[in-house]
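Counting from 1 along the sequence shown, just add 50 to a position and that's the residue number in this note's numbering.
Here is the structure we will look at, set down as structure tokens.
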Amino acid sequence: MKVDGRHYRSLWWDDDAGALRIIDQRWLPHDFRIAELRTLDDCTAAIRDMWVRGAPLIGATAAYAMALRMAEDPSDAALDLARDRLRATRPTAVNLRWALDRCRDALRPLPVRTRAEAALALAHEIADEDAEINRRIGEHGLALIREIASRKTPGEPVRLLTHCNAGWLATVDLGTATSPMYLAHDAGVPLHVWVDETRPRNQGALTSWELGSHGIRHSYVVDNAGGHLMQRGLVDMVIVGTDRTTRRGDVCNKIGTYLKALAARDNAVPFYVALPSPTIDWTVEDGLAEIPIEERAPRETTHVLGRTEAGGIEHVQVAPEGAEGGNPAFDVTPNHLVTGLITERGVCDASAEGLAALFPERAAAAGKTA
Ligand code: MRU
Numbered sequence: 051m052k053v054d055g056r057h058y059r060s061l062w063w064d065d066d067a068g069a070l071r072i073i074d075q076r077w078l079p080h081d082f083r084i085a086e087l088r089t090l091d092d093c094t095a096a097i098r099d100m101w102v103r104g105a106p107l108i109g110a111t112a113a114y115a116m117a118l119r120m121a122e123d124p125s126d127a128a129l130d131l132a133r134d135r136l137r138a139t140r141p142t143a144v145n146l147r148w149a150l151d152r153c154r155d156a157l158r159p160l161p162v163r164t165r166a167e168a169a170l171a172l173a174h175e176i177a178d179e180d181a182e183i184n185r186r187i188g189e190h191g192l193a194l195i196r197e198i199a200s201r202k203t204p205g206e207p208v209r210l211l212t213h214c215n216a217g218w219l220a221t222v223d224l225g226t227a228t229s230p231m232y233l234a235h236d237a238g239v240p241l242h243v244w245v246d247e248t249r250p251r252n253q254g255a256l257t258s259w260e261l262g263s264h265g266i267r268h269s270y271v272v273d274n275a276g277g278h279l280m281q282r283g284l285v286d287m288v289i290v291g292t293d294r295t296t297r298r299g300d301v302c303n304k305i306g307t308y309l310k311a312l313a314a315r316d317n318a319v320p321f322y323v324a325l326p327s328p329t330i331d332w333t334v335e336d337g338l339a340e341i342p343i344e345e346r347a348p349r350e351t352t353h354v355l356g357r358t359e360a361g362g363i364e365h366v367q368v369a370p371e372g373a374e375g376g377n378p379a380f381d382v383t384p385n386h387l388v389t390g391l392i393t394e395r396g397v398c399d400a401s402a403e404g405l406a407a408l409f410p411e412r413a414a415a416a417g418k419t420a
């Protein structure tokens with residue numbers, strides 16, 4: 051997507067430097083900074099400390115981390131250790147495990163001397179695939195948005211609500227939940243997006259920055275506003291991303307997503323999840339019981355990061371001295387609250403049958419290993 055007229059992906063390979071370049075998201079939306087990752091250690095820190103974040107982007111970064119490690123040491127031991135270290139950085143987003151298993155399974159049978167080159171080619175493949183998956187999700191989501199638009203008077207905007215950042219910054223390009231928005235806007239469908247702030251890390255500010263850069267009308271609202279907006283009939287459709295969706299369609303996503311789904315159900319607002327297939331965890335059925343929920347540092351809730359009037363980017367304390375913070379980073383929305391899953395192969399019910407109909411080969415493979 052474009053920043054100041056120049057096309058960027060959220061990460062890219064610098065051949066001359068032999069390094070991965072990323073947009074360092076810790077500073078957004080206040081400052082656009084690019085960082086260079088040269089080693090496995092750089093990449094594990096960047097994922098753990100959220101320089102990069104968002105399930106698909108974490109997966110792609112991990113694939114490049116494997117490539118960087120293979121260029122230093124392509125041995126079996128280095129391969130396995132790199133996978134284990136990266137896997138421990140963030141527990142909830144399944145794209146991390148998916149990308150690491152894919153890299154390890156592809157590289158392990160290869161002669162050691164060919165692994166560095168193969169690992170880099172695979173990382174490029176994973177990154178390109180993500181961009182293409184998102185483009186297709188955009189097309190399927192666009193059809194849903196067009197259908198809502200067709201019931202409105204010409205010029206009246208389709209009003210969407212989204213939570214967290216499932217935008218191009220959270221993926222390699224286009225985003226998942228935002229891809230239908232970008233395609234709709236580019237096709238001339240008038241939109242207005244309610245962007246949840248998404249405390250404590252305020253990923254909504256990233257979404258707002260993205261949508262603003264693309265000229266999409268939106269309002270940045272506090273997390274608690276969603277129920278009220280839906281009761282007043284101001285939301286036509288909710289679209290969110292996901293960090294892990296189970297084979298029966300339970301959706302794990304950023305903390306607060308479940309409350310939006312409850313409010314949507316109570317107000318008959320369609321609640322859709324943009325779901326790239328690498329985010330489906332075919333090994334898991336019951337999201338609530340089986341998905342590990344990342345517990346992040348309490349300081350993320352007691353302090354906020356922002357730009358001061360003097361222009362510095364600083365943390366300030368919002369909770370009283372000594373207050374204990376609790377910080378579960380994700381929650382699970384049970385499948386019965388989800389209207390549909392927008393995947394790269396089309397839209398389906400949030401159910402085992404729905405997912406198996408779109409991905410029969412993967413459902414069958416999972417059934418065999420279960
Ligand atoms: O903690 P984060 O910022 O990595 O969480 C990101 C989200 O929850 C996104 O909504 C999700 O990864 C989907 S991104 C396409």
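Virtual Cβ for every residue (Gly too), placed ideally from N, Cα, C.
As the structure is a computational prediction, the values presented were derived from the model and not from experiment.
Point to revise | Segment contact, 8 Å Cβ cut-off, at least three pairs: the region 163 to 177 with the region 200 to 209 | key: no
Check your understanding: To which residues does DSSP link Phe380 through a beta bridge?
Key -> Lys304
Check your understanding: So, are the CB atoms of Pro240 and Gly205 less than 8 Å apart?
Key -> yes
Review point. By the 10 Å Cβ neighbour count, where 16 or more other Cβ atoms means buried, how is Asn274 classified, buried or exposed?
Key: exposed
Practice item. Compare the Cα-Cα distances from Leu405 to each of Thr352, Ala369, Pro328 and Thr351 and report the closest residue. Key: Pro328
Review point. Smallest Cα separation from Asp65: which of Arg88, Asp81 and Arg56?
Key: Arg88
Point to revise | Cut-off 8 Å between Cβ atoms - residues of its own chain near Arg158, not counting five sequence neighbours on either side | key: Asp126 and Leu129
Exercise for review: Could you spell out the range, first to last residue, of the alpha helix (DSSP H) harbouring Tyr232?
Suggested key: Ser229 to Asp236
Check your understanding: CB of Gly291 to nearest heavy atom of ligand 1: below 7 Å?
Key -> Yes, since a heavy atom of ligand 1 falls inside the 7 Å radius drawn around the Cβ of Gly291.
Review point. Between Cys93 and ligand 1, is the CB less than 7 Å from at least one heavy atom?
Key: no
Check your understanding: Between the region 388 to 399 and the region 180 to 189, do at least 3 Cβ pairs fall closer than 8 Å?
Key -> Counting Cβ pairs under 8 Å, three or more are found: they touch.
Review point. For the candidate residues Trp332, Gly372, Thr228 and Glu179, whose alpha-carbon lies nearest to that of Ala415?
Key: Trp332
Practice item. Confirm the yes/no value for this check: CB of Pro106, any heavy atom of ligand 1, distance under 7 Å. Key: Correct: Pro106 has its Cβ closer than 7 Å to ligand 1.
Check your understanding: How long is the line joining the alpha carbons of Leu256 and Pro161, rounded to whole angstroms?
Key -> 42 Å
Review point. Looking at the unbroken alpha helix (DSSP H) that takes in Thr94, where does it start and where does it end?
Key: Leu90 to Arg98
Practice item. Return yes when the C-beta of Gln253 is under 7 Å from any heavy atom of ligand 1, and no when it is not. Key: For ligand 1, at least one heavy atom lies less than 7 Å from the Cβ of Gln253.
**Study point:** Assigned exposure category for Ala442 - 16 Cβ within 10 Å defines buried
**Key:** Shown here, the chain extends from 51 to 420; a query on residue 442 therefore has no answer.
Practice item. Go through its chain and collect everything with a Cβ distance to Glu260's Cβ below 8 Å, but skip five positions before and after it. Key: Met51, Asn215, Gly217, Trp218, Leu219, Gly225 and Thr228
Review point. Using the C-alpha atoms, what's the distance from His386 back to Cys302?
Key: Each residue's CA atom was taken as its position, placing Cys302 and His386 some 13 Å apart.
**Study point:** Beta-carbon separation (whole angstroms), Thr139 vs Ile97, contact threshold 8 Å
**Key:** 4 Å
Practice item. For Glu371, count neighbouring Cβ atoms within 10 angstroms of its own Cβ and tell me buried if that reaches 16, exposed if not. Key: exposed
Point to revise | Close beta carbons around Ala413, own chain, < 6 Å, minus the five adjacent residues each side | key: Listed in chain order, the non-local C-beta contacts of Ala413 below 6 Å within the same chain comprise Ala406, local neighbours out to five positions each way being set aside.
Point to revise | From Asp316, Ala95, Gly262 and Pro250, residue whose alpha carbon lies closest to that of His278 | key: Among Asp316, Ala95, Gly262 and Pro250, the Cα nearest to that of His278 is on Asp316.
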